[in-house]
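Student: I have a structure I would like to understand better, so I am pasting it below and will then ask my questions one at a time.
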Amino acid sequence: MTHHTSVELSDYVSGELSADAAHRVDAHLPDCPRCRQLVHQFRAVAEWARTYGESTASGDEFAAIRRAIAIPRWRRRRYPLRMALAAGVFLACAGLWSRFRASGARPTPLSAAEARATVAKELSLIDRALAQLEAALDSMPDDALQYRRHAALLTLRTDIERRAAGLVRRTTIEEGL
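Read in the working numbering, the sequence shown has 118 at position 2, and its numbers run on one by one without any break.
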């Protein structure tokens, strides 16, 4: 069932509705307890206002009162304006963030063959560096320090080779080869 608005029912009680609209409300009231209750309440308020008496305030005084209690239009719009501004700033920041994130440089994945070639190249560079260090150590006088350095170099080389083999294995597994 469609209900009449409270404004429409208030206008009905005060006699401000057109004849056609008033007939529609008259036809609706017997079938709708909600609207009947509102009409009853509006009539009670109207009766109370008639018994209260006429106001002694002039039209100018009422206008002054309305101006005093009225919220300036710019103040009413302040909150939605702030919300719109905050939403705009948020959307701008989100857009910039997503643009920078999307344009960020991402490493291109290597194929297994490229990974093996890169690891082999790096291992050959490491082997040359270790050979140079071993030559430098061999030219030093024999003492315990030299042996410890030599052992450390061999340990380092073994560790690097294990890591490189793991990298090649992981790349091969990821590519499904």
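C-beta: ideal position from N, C-alpha, C; glycine also.
When you compare the stretch 131-140 with the stretch 148-157, are there three or more beta-carbon pairs, one atom per stretch, that lie closer than 8 Å?
Tutor: no
Student: Where do the ends of the alpha helix (DSSP H) carrying C151 lie?
Tutor: 149-168
Student: Can you tell me where the alpha helix (DSSP H) holding E124 begins and where it ends?
Tutor: 122-130
Student: Around the Cβ of A231, are there at least 16 other Cβ atoms within 10 angstroms (buried) or fewer (exposed)?
Tutor: Label assigned to A231: buried.
Student: Pick helix, strand or coil for T234, following the three-state DSSP scheme.
Tutor: T234: helix per DSSP, three-state reduction.
Student: Going by DSSP in three states, L270 sits in which element: helix, strand or coil?
Tutor: helix
Student: Does the beta-carbon distance from L241 to E277 come in below 8 Å?
Tutor: The Cβ atoms of L241 and E277 lie no closer than 8 Å to each other.
Student: At what residues does the alpha helix (DSSP H) containing H139 begin and finish?
Tutor: 135-144
Student: What did DSSP end up calling S240 once you bin it into helix, strand or coil?
Tutor: helix
Student: Enumerate in chain order the residues of its own chain whose CB-to-CB distance from S126 is below 6 Å, with the five nearest sequence positions on each side excluded.
Tutor: F158
Student: Which of the three DSSP states, helix, strand or coil, is assigned to S214?
Tutor: helix
Student: Distance check for R273 and L293, CA to CA, integer angstroms please.
Tutor: At L293 the pLDDT is 49, less than 50, meaning the model places this residue with poor confidence and gives no usable figure here.
Student: Since I believe S122 is in contact with L154 (beta carbons under 8 Å), could you give me their beta-carbon distance rounded to a whole number of angstroms?
Tutor: 6 Å
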